[in-house]
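Remarks on the structure that follows.
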DNA sequence: ACCTGAACACCGTTCAAGT
DNA sequence: ACCTGAACACCGTTCAAGT
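Chains as they are written, first to last, in our numbering: chain A, 8 to 212; chain B, 8 to 212.
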């Protein structure tokens, strides 16, 4: 009941949430511990009671990002249980939407901004869970003849590199306007998928 | 002849060079105007005589990176004039080598770290020159049946996204060690190329 | 034209001290 | 256990002043 002086029980999560908000409103370059602390209503040194340093806060935010996409991808696979082609397309589009809607959270989550990622085990765990999801999707696609046979982790890696590369370039404004005039981001993504699959993927919905 | 007090004629390029050195030795997070100025032997405010702000220095360094790869790619195309498959492989590997040898210069050059890239016309010009090189390569590969017919800029874009995505993930330590134990970075790259081409690319030299 | 030094508002991080 | 405030070494940027 003593809620006047920010003993609000869960400063740690409040700081993570504040970080996500700063990313959304001001971008990754404006993400600072001091700003996050101020937004959570505590002094600039309070975060150090919950995070070893700025890298640890970034790791926690990245873990949040991975959790978000994990839930989204899991839902998709349940939604089209007998249609791996549709799962592939919708999964890729979920990543694309994440990248375009929340570019800076996407960067923190996937762009490898951490110096020593292995020092953050819960983040590593989430990245592996998401990679496993991708591998399972690849296996289902192989069974349907969408991907050729071969090591599923290798194909999943290549799928992710392709999707991630396109999203990063779209985010950074590195895609020529001549292309953007003719194709939507979604179409560019579908073209990429099409070029790496055995079966043609329709360009339109 | 008055070379005692750093009127050394070309502070601008000295600052760019100092920036490249800082990237190589301490990484992108340690790149600061003040450090670059100190390394060039001038006061912390001297850079402002040559660059509007830190973004402008970053843009100049990125331009340098684009020039470096432009020369490398151009040389390769001249080296195997009648072998587009070899040109494709060696071009992709040149990017890969750049990314692995100078990860932080590669990031500055290609990762879209600039807030307003269009404000730096000489950088935009170099990015376009490199993209044109890639398109010409794609056209030669299409003529040889390596890539399917289709818009060459779209295929070039997808090629670049695939190569860039893999390099970024390798840099960030985002490729599973299970994969790295079985495949070299070069093999991962060749596998990616293989999956997007019409003709099989041999995995070994 | 090119450079310096002081100044300002921001950082990350540490540490003694308070409850 | 959780938080504060002062302190330190760094930033980017501006501006008056020097040559």
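For each residue, glycine too, the CB sits at the ideal point set by N, CA and C.
Rounded to whole angstroms, what is the Cα-Cα separation between residue i and residue j?
{"i": "residue 169 of chain B", "j": "residue 203 of chain B", "result": "9 Å"}
{"i": "residue 39 of chain B", "j": "residue 61 of chain B", "result": "8 Å"}
{"i": "residue 129 of chain A", "j": "residue 70 of chain A", "result": "7 Å"}
{"i": "residue 195 of chain A", "j": "residue 95 of chain B", "result": "21 Å"}
{"i": "residue 51 of chain A", "j": "residue 33 of chain B", "result": "27 Å"}
{"i": "residue 36 of chain B", "j": "residue 20 of chain A", "result": "26 Å"}
{"i": "residue 151 of chain A", "j": "residue 208 of chain A", "result": "13 Å"}
{"i": "residue 255 of chain B", "j": "residue 91 of chain B", "result": "Lying outside 8 to 212, the shown extent of chain B, residue 255 of chain B is not represented and no answer is given."}
{"i": "residue 139 of chain A", "j": "residue 161 of chain A", "result": "12 Å"}
{"i": "residue 79 of chain A", "j": "residue 55 of chain A", "result": "32 Å"}
{"i": "residue 18 of chain B", "j": "residue 185 of chain B", "result": "47 Å"}
{"i": "residue 189 of chain A", "j": "residue 158 of chain B", "result": "11 Å"}
{"i": "residue 191 of chain B", "j": "residue 181 of chain A", "result": "28 Å"}
{"i": "residue 148 of chain A", "j": "residue 72 of chain B", "result": "39 Å"}
{"i": "residue 99 of chain A", "j": "residue 97 of chain B", "result": "29 Å"}
{"i": "residue 101 of chain B", "j": "residue 172 of chain A", "result": "17 Å"}
{"i": "residue 58 of chain B", "j": "residue 114 of chain B", "result": "20 Å"}
{"i": "residue 155 of chain B", "j": "residue 63 of chain A", "result": "46 Å"}
{"i": "residue 127 of chain A", "j": "residue 77 of chain A", "result": "18 Å"}
{"i": "residue 16 of chain B", "j": "residue 88 of chain B", "result": "41 Å"}
Could one say the Cβ of residue i lies closer than 9 Å to chain B's Cβ atoms, at least one of them?
{"i": "residue 158 of chain A", "result": "yes"}
{"i": "residue 171 of chain A", "result": "yes"}
{"i": "residue 138 of chain A", "result": "yes"}
{"i": "residue 70 of chain A", "result": "no"}
{"i": "residue 151 of chain A", "result": "no"}
{"i": "residue 203 of chain A", "result": "yes"}
{"i": "residue 122 of chain A", "result": "yes"}
{"i": "residue 64 of chain A", "result": "no"}
{"i": "residue 125 of chain A", "result": "yes"}
{"i": "residue 13 of chain A", "result": "Caution applies to residue 13 of chain A, whose pLDDT of 45 falls short of 50 and renders its modelled position unreliable; the value that the coordinates give is listed next. False, the Cβ-Cβ gap to chain B never drops below 9 Å."}
{"i": "residue 168 of chain A", "result": "yes"}
Verify the CB distance criterion: does residue i have a CB-CB separation below 9 Å to chain A?
{"i": "residue 32 of chain B", "result": "no"}
{"i": "residue 80 of chain B", "result": "no"}
{"i": "residue 115 of chain B", "result": "no"}
{"i": "residue 98 of chain B", "result": "no"}
{"i": "residue 10 of chain B", "result": "Summary for residue 10 of chain B: the model assigns pLDDT 35, below 50, so the residue's position carries little reliability; its value from the coordinates is reported in the next sentence. Not an interface residue."}
{"i": "residue 4 of chain B", "result": "Residue 4 of chain B lies beyond the stretch modelled for chain B, which goes from 8 to 212, so this question has no answer here."}
{"i": "residue 162 of chain B", "result": "yes"}
{"i": "residue 175 of chain B", "result": "yes"}
{"i": "residue 47 of chain B", "result": "no"}
{"i": "residue 145 of chain B", "result": "no"}
{"i": "residue 135 of chain B", "result": "yes"}
Going by the C-beta, is residue i closer than 8 Å to any heavy atom of the ligand ADP?
{"i": "residue 78 of chain B", "result": "Because no ligand of any kind appears in the structure shown, any question about the ligand ADP cannot be addressed here."}
Review point. What residues in the segment 178-200 of chain B have a beta carbon less than 9 Å from any beta carbon of chain A?
Key: 178, 179, 180, 181, 182, 183, 185, 186, 189, 190, 195, 198 and 199
**Study point:** Contiguous alpha helix (DSSP H) assignments of at least 4 residues, all confined to the segment 114-140 of chain A
**Key:** none
Point to revise | Every unbroken beta strand (DSSP E) inside the segment 32-75 of chain B [3 residues or more] | key: none
Check your understanding: Which runs of the alpha helix (DSSP H), 4 residues or longer, sit entirely within the segment 81-115 of chain A?
Key -> 91-108
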